[in-house]
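Below is one structure, written out as structure tokens; comments come after it.
Numbering (the numbering used here), first residue to last: 4 to 407.
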């Protein structure tokens, strides 16, 4: 037997390796070909014409125009919220509410010690009484001065005529004239005193009003029906003008504050209605809100405009909650099919389309958004296709269908 040298053995091994490699490639190509034949999104082979025919409703697919929505996120805020602050200085005597309490309009929230303010009010009232008495005295003096001036003027005019006929001496006329001039001066002084007394009376009235207002400010009340959201002080604390003491939100209407990009601002206007969804309220449907405020200028850092959407009274909605607002920003054509037409097989979503040969074929689709009892089909169907409206267990790929 002939013995192979090392080079001959190597050639034999290379030929065997090439043979095995070619065999493996052929097997892999066959596998891929078989897999490709079985993985189409729609079956290619129709059954025999003599197979069973199933009656089913067929839906004609047409393109529909639907609004395009921009989904904005926002936060629920009370339409009216206030911080109740002290308007006078003093020790807080009593706070009658806590956070979470419901209050009525004009209900007492807290009281501030008002003894000094009360004393000031009494002093102001005493000053007013004195000023009123002074005003009365000045008025009496004015009336007396007016009477004296009238008498002196009458005497002066009479003596003036007597002097012209030389019935009285010049000295007698001069004395009468001097008394007349004095009466005029006295009347002017009485008018001045009366004006001054009236001014003092007005100042005293203003002082009383200020003291009364300060005394009223020792008792703080609710400006409207609402809910206490924060209590910022306790009895015994010192209050000073401007110091926040209680926060309150008005009961009733809420609104959603959101930002809308400048690219969509041209699609909204005050008075437009929008759909608002609260993810935390899983059992509650969307509510319809109304755009009531659009800021006139955009935030330069975000290029967005702030919008406020007023909500109807809705149980369970509280300030601070997260909201999604669907804002229509245009329209677009889309393919819609009944929700009942969509079938799920494992991870696959599909419909059964029906061709001109009345054969039902399983076609994969990709769903979009839901619209009531219909669903958008993003890919897999086109205008003019037909599909089964509600396929049942009798329907399978390749079954012949008779429309009903």
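Cβ atoms here follow ideal geometry from the backbone N, Cα and C, with glycine treated the same way.
Where residue i falls: helix, strand or coil (DSSP)
i, result
"residue 224", "strand"
"residue 177", "helix"
"residue 304", "coil"
"residue 262", "strand"
"residue 391", "strand"
"residue 321", "coil"
"residue 268", "helix"
"residue 196", "helix"
"residue 137", "helix"
"residue 100", "coil"
"residue 86", "strand"
"residue 165", "helix"
"residue 108", "coil"
"residue 291", "strand"
"residue 232", "strand"
"residue 246", "coil"
"residue 191", "helix"
"residue 120", "helix"
"residue 125", "helix"
"residue 77", "strand"
"residue 399", "coil"
"residue 146", "helix"
"residue 157", "helix"
"residue 355", "strand"
"residue 215", "helix"
"residue 55", "coil"
"residue 333", "strand"
"residue 202", "helix"
beta-carbon residue i near the ligand SAH non-hydrogen atom, thresh 7 Å
i, result
"residue 306", "Ligands displayed in this structure: none; no statement on the ligand SAH is therefore possible."
Residue environment, residue i, which counts as buried when at least 16 other CB atoms sit within 10 Å
i, result
"residue 77", "buried"
"residue 150", "exposed"
"residue 3", "For residue 3 there is no data in the structure shown, the boundaries of the chain being 4 and 407."
"residue 195", "exposed"
"residue 328", "buried"
"residue 335", "exposed"
"residue 351", "exposed"
"residue 230", "buried"
"residue 93", "buried"
"residue 209", "exposed"
"residue 40", "Per-residue confidence for residue 40 stands at a pLDDT of 35, beneath the threshold of 50, marking its modelled position as unreliable; the derived number appears in the next sentence. Exposed: under 16 other Cβ atoms inside 10 Å."
"residue 273", "exposed"
"residue 364", "buried"
"residue 405", "exposed"
"residue 197", "buried"
"residue 383", "buried"
"residue 138", "buried"
Length of the line joining the Cα atoms of residue i and residue j
i, j, result
"residue 419", "residue 82", "Shown here, the chain extends from 4 to 407; a query on residue 419 therefore has no answer."
"residue 250", "residue 86", "4 Å"
"residue 275", "residue 332", "12 Å"
"residue 401", "residue 407", "18 Å"
"residue 325", "residue 281", "6 Å"
"residue 153", "residue 168", "24 Å"
"residue 47", "residue 376", "Note that residue 47 has pLDDT 43, beneath the 50 cutoff, so the model's placement of it is unreliable and no number is given."
"residue 176", "residue 163", "7 Å"
"residue 395", "residue 372", "24 Å"
"residue 264", "residue 218", "50 Å"
"residue 233", "residue 225", "13 Å"
"residue 370", "residue 381", "6 Å"
"residue 90", "residue 221", "8 Å"
"residue 257", "residue 270", "23 Å"
"residue 279", "residue 61", "35 Å"
"residue 58", "residue 397", "10 Å"
"residue 74", "residue 105", "34 Å"
"residue 237", "residue 99", "10 Å"
"residue 245", "residue 88", "5 Å"
"residue 179", "residue 119", "58 Å"
"residue 347", "residue 79", "38 Å"
"residue 101", "residue 266", "45 Å"
"residue 189", "residue 201", "18 Å"
"residue 349", "residue 379", "20 Å"
Sub-8 Å separation of residue i and residue j beta-carbons
i, j, result
"residue 268", "residue 308", "yes"
"residue 338", "residue 390", "no"
"residue 367", "residue 353", "yes"
"residue 134", "residue 193", "no"
"residue 301", "residue 341", "no"
"residue 124", "residue 186", "no"
"residue 253", "residue 228", "yes"
"residue 166", "residue 174", "no"
- [ ] Kindly confirm or deny that the region 51 to 71 and the region 233 to 247 touch, where touching means at least three C-beta pairs closer than 8 Å.
- [x] With the cut-off at 8 Å, the region 51 to 71 and the region 233 to 247 do not touch.
Open item on the list: So, does the region 291 to 303 touch the region 104 to 118, judging by three or more C-beta pairs under 8 Å?
Closed with: Contact between the region 291 to 303 and the region 104 to 118 is not established, with fewer than three Cβ pairs separated by less than 8 Å.
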